[in-house]
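Notes for the one structure printed next.
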Amino acid sequence: MDWTALILSERVVAALVAAIVGGGVVAAGWFWTHALSRRRDLVLRRERINDMQRALLAEIRAHVVVLERQMKDSPYENAMQRMLSEGYVPILPHDANDRIFRAVIGDVHMLPEATIDSVVRYYRLLTVRAALGQDVLRLVKDDPDRATGMFLDYVAIESETLETGREAVNALAASLQQGKPMQISKTSADRSGR
Numbered sequence: 211m212d213w214t215a216l217i218l219s220e221r222v223v224a225a226l227v228a229a230i231v232g233g234g235v236v237a238a239g240w241f242w243t244h245a246l247s248r249r250r251d252l253v254l255r256r257e258r259i260n261d262m263q264r265a266l267l268a269e270i271r272a273h274v275v276v277l278e279r280q281m282k283d284s285p286y287e288n289a290m291q292r293m294l295s296e297g298y299v300p301i302l303p304h305d306a307n308d309r310i311f312r313a314v315i316g317d318v319h320m321l322p323e324a325t326i327d328s329v330v331r332y333y334r335l336l337t338v339r340a341a342l343g344q345d346v347l348r349l350v351k352d353d354p355d356r357a358t359g360m361f362l363d364y365v366a367i368e369s370e371t372l373e374t375g376r377e378a379v380n381a382l383a384a385s386l387q388q389g390k391p392m393q394i395s396k397t398s399a400d401r402s403g404r
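Right under this line is the structure:
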């Protein structure tokens, strides 16, 4: 058998060219599919991050508005010092302002670097504030002087929570505006302190 004739045969050459072209098309298809999948994954990730930021923004903004009203409407320090020393047990709010944060805690690392710090600090202060409030209520009967001092710390943490909440609102809003234009109503902007 003559191998040279077989290799130079039109059928063999046609089959070889078809195999090379077909393999090239399949390989190009793999690369194209991979590129489209990566693009789709990136778009879905951006959407997920924006959704998380919008949800956190709404949760934090709502609590910031409440804190602003509380700080404006009630002069805590003088009245509460007198009441605690007389054995009065204050009603401290049991905030449930972290439902969305708890739902996304596993994905919080996906948030942009510019927002993650202020968001985590805000929620950390909420946790510290709640624990301190429970300690104040526990000590008010047995040690009212110590409870009074702790309550003043509670008020200071509440003020710091308000400021950190404002920072988180501003950081989240700025991050969302970079990704897509975000319409914020005038009343919402006024309420959030911007």
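Numbering (the working numbering), first residue to last: 211 to 404.
Where is the CB? At the ideal position from N, CA and C, for every residue including glycine.
Separation of Ala366 and Ala357 (C-alpha to C-alpha, rounded to the nearest whole angstrom) is 14 Å. For Leu302, no alpha helix (DSSP H) encloses it, and the DSSP letter there is neither H nor E. Around the beta-carbon of His319, fewer than 16 other beta-carbon atoms lie within 10 Å, marking it exposed.
Here Ser385 is buried: its Cβ has 16 or more other Cβ atoms, across all protein chains shown, within 10 Å. The beta carbon of Glu368 sits closer than 8 Å to those of Leu277, Gln280, Met281 and Arg339, all from its chain and outside the five residues before and after it, given in chain order.
With the rule of 3 Cβ pairs closer than 8 Å, the segment 374-382 counts as touching the segment 259-270. Straight-line spacing of the CA atoms in Val329 and Glu257 works out to 19 Å. A direct Cα-to-Cα measurement between Leu347 and Phe361 gives close to 9 Å. Spatial neighbours of Asp345 in its own chain (CB-CB distance under 7 Å, excluding positions within 5 residues in sequence) are listed in chain order as Met360. Here Asp355 carries a helix assignment [DSSP, helix/strand/coil].
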